[in-house]
Each structure stands twice: as C-alpha cells, then as structure tokens.
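Everything on this sheet refers to the single structure shown next.
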Amino acid sequence: MSRLNRIFGFLLGFSLASAYASYYLLEEYQAASAQLQASVEELQASTRKVIVSSHVRRIEEVEKDLKALADNTSSKEDLQKARAEAKKLVDGLHIEFLDLRSHVWGMQQDLHSVIKKETGAQRA
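Going by the numbering used here, the sequence shown wraps up at 252, each residue one higher than the last.
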C-alpha cells in the first residue's frame with residue numbers, strides 16, 4: 129500500500145502543480161493579451177491623431193491658398209472699371225484716327241488742286 133500511496137501522492141502533486149501552472153499561464157496570457165489590446169488601441173488613437181492633424185494641416189493650407197487667391201483676384205467692379213477705361217481709350221483713339229483721316233483727305237484735296245493748277249498753267 130505504501131507504493132500505492134506514493135504513486136497516488138505523486139499523481140496528486142503532479143496534478144496540482146499542472147493545474148497551478150495552467151492557471152498561472154492563463155493569467156499571464158490574459159494579462160499579456162490585455163496589455164497588447166491596450167497598446168493596439170493606443171496606436172490606433174495615435175494614428176487617428178496623426179491622420180487628423182495631417183488633414184487639418186492640408187485644410188489650413190488650402191484655406192490659406194484660397195484666401196491668397198481671393199485677395200489677388202479682381203472684383204466684378206474692378207473688371208467693369210477696367211473695361212470702361214479700355215473702351216474710353218479705344219473711343220479716343222478712334223476719334224483721333226478719324227481726325228487724322230479727315231486731315232489727310234484735306235491734304236490730298238489740296239494736293240490735287242495744286243496739281244490741277246500746275247498742269248493747267250503748263251498747258252497754257
């Protein structure tokens with residue numbers, strides 16, 4: 129019986145040690161798993177912050193560029209003023225051209241009359 133008690137004691141001790149080791153490993157696994165999950169969540173939050181801050185930076189750059197474009201573009205009033213000034217200049221040039229044309233026509237008429245007088249004087 130002593131041998132049977134020894135075998136029974138050995139099996140009982142081995143079973144208890146195995147159960148304790150299994151329990152300890154399970155606890156370690158759960159703790160490591162929880163720590164890993166927390167690390168993954170922290171990484172995701174950090175990544176979201178980086179992505180969001182990147183998008184915010186890009187939006188701010190676009191807003192800055194848009195403001196610069198808005199400051200540099202002409203308004204409708206400015207365009208109408210420039211168009212009116214250009215029309216005045218063109219009209220003024222057209223009037224000057226017509227004056228010059230009438231002056232040249234007058235000179236041409238004077239030249240024709242002078243030529244007629246000279247040819248009439250040479251024939252006579």
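Each residue gets a CB set at the ideal place from its N, CA and C atoms; glycine is no exception.
Only a predicted model underlies this, so the values are computations on that prediction, with no experimental measurement involved.
Exercise for the section: Taking SER150 as part of the alpha helix (DSSP H), name the residues at either end of that continuous run. Expected result: Note, SER150: alpha helix (DSSP H), 130-200.
Exercise for the section: Could you please give the first and the last residue of the uninterrupted alpha helix (DSSP H) stretch that includes SER241? Expected result: 204-251
Exercise for the section: Just the C-alpha distance for GLU156 and ILE179, rounded to the nearest angstrom, thanks. Expected result: 34 Å
Exercise for the section: Please report how far the alpha carbon of GLN236 lies from the alpha carbon of ARG251, in whole angstroms. Expected result: 22 Å
Practice task
Look at the alpha carbon of ALA212 and the alpha carbon of LYS192, and state the distance between them as a whole number of angstroms.
Solution key: 32 Å
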